[in-house]
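What follows is a short report on a single structure.
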Amino acid sequence: MHQRITEADDQELPAFENSEEASAYFKEKYGDDFILKSSKEINGEQIDVYVLVLDREAFRNGEEKWAKAHQEIIEESDFTSSFQSIGIGRNGEVYIAY
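Here's what the structure looks like:
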């Protein structure tokens, strides 16, 4: 299990030149627990949205429930606390949900 990335941890991240460099950094650090979930445009910028899996079992269970129900699980605390969202812009800017 990984620890949640804190605001202090975020401040210690290196500056990234682009999204490939940033995603490679997180992939090297977290391996298969760093997962690309989607890509979307926000305020004209393309953002890749990843999850950092903090608790594999709770995350897997939540994903299975979501797949069975075909709807979003909004308030299932075990599931929502099992991951942390990380956005990476094409310019290498990192956006971490604390």
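So the sequence shown is numbered by this note's numbering: it starts at 7 and just counts up by one. Virtual Cβ for every residue (Gly too), placed ideally from N, Cα, C. As the structure is a prediction and not an experimental result, all values here were calculated from the model.
Within the same chain, show all residues whose beta-carbon is closer than 7 Å to that of SER91, passing over the 5 residues directly before and after it, in chain order. VAL55, VAL57 and ALA103
Contact under 8 Å by Cβ, LYS33 with PHE40: yes
Cutoff 8 Å; reference VAL100; Cβ partners in own chain excluding five residues on either side: ASP16, LEU19, PHE22, ALA28, ILE92, GLY93 and ILE94
Using DSSP's beta-bridge definition, name the partner residues of ASP54. SER45 and ILE94
Using the C-alpha atoms, what's the distance from GLY50 back to VAL59? 28 Å
By Cβ distance below 7 Å, which residues in the same chain neighbour SER25 in space, the five residues on each side in sequence not counted? ASP54, ILE94, GLY95, ARG96 and GLY98
I'd like to know whether the C-beta atoms of ASP38 and ALA64 end up nearer to each other than 8 Å. no
Could you please give me the residues that DSSP links to TYR101 through a beta bridge? GLY93
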